[in-house]
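In this note's numbering, the protein residues as written are 1 to 115.
Yeah, the Cβ is synthetic: ideal placement off N, Cα and C, and Gly gets one too.
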């Protein structure tokens with residue numbers, strides 16, 4: 001694969017990841033998580049995301065009513081924990097169902113293609 005092809009592949013891979021990180025973040029926030037722990041949880045699951053990408057996403061999801069954020073000041077270091085709202089849980093379920101449907105469709109396409 002030449003340099004141009006590698007760059008094209010990298011662009012498409014980034015687009016795929018960008019589309020899945022919302023669902024992955026919602027899934028991970030079914031239990032309360034603070035930002036750094038969420039980064040670690042996502043990384044452990046195979047989702048590499050930078051903090052400067054995750055934090056704006058979390059704020060956007062909170063603004064959309066999908067996450068709620070609460071500060072925990074009981075520990076020496078205050079942390080902002082993110083948890084799914086009821087709407088966020090419904091949205092995560094719907095997105096998961098859509099992801100499963102897309103996976104089935106792609107699997108069908110791969111099976112039907114003789115290449």
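Can you tell me the Cα-Cα spacing of residue 15 and residue 63, whole angstroms? Between residue 15 and residue 63, the C-alpha separation is close to 23 Å.
Please return the same chain residues whose Cβ sits closer than 8 Å to the Cβ of residue 39, not counting the five positions on each side in sequence. The beta carbon of residue 39 sits closer than 8 Å to those of 49, 51, 54, all from its chain and outside the five residues before and after it, given in chain order.
Are the segment 40 to 47 and the segment 81 to 97 touching by the rule of at least three beta carbon pairs closer than 8 Å? Taking 8 Å as the limit for Cβ pairs, the verdict is that the segment 81 to 97 does not touch the segment 40 to 47.
Close beta carbons around residue 1, own chain, < 8 Å, minus the five adjacent residues each side: If we look at residue 1 and ignore the five residues flanking it on each side, its Cβ neighbours are 9.
Where residue 70 sits in the DSSP three-state scheme: In the structure shown, residue 70 sits in a strand (DSSP, three-state: E or B).
At the level of alpha carbons, what is the spacing between residue 33 and residue 87? Computed Cα separation, rounded: 18 Å.
May I ask you to list the residues that DSSP assigns as paired with residue 80? Partner residues in the beta bridge of residue 80, as assigned by DSSP, are 71.
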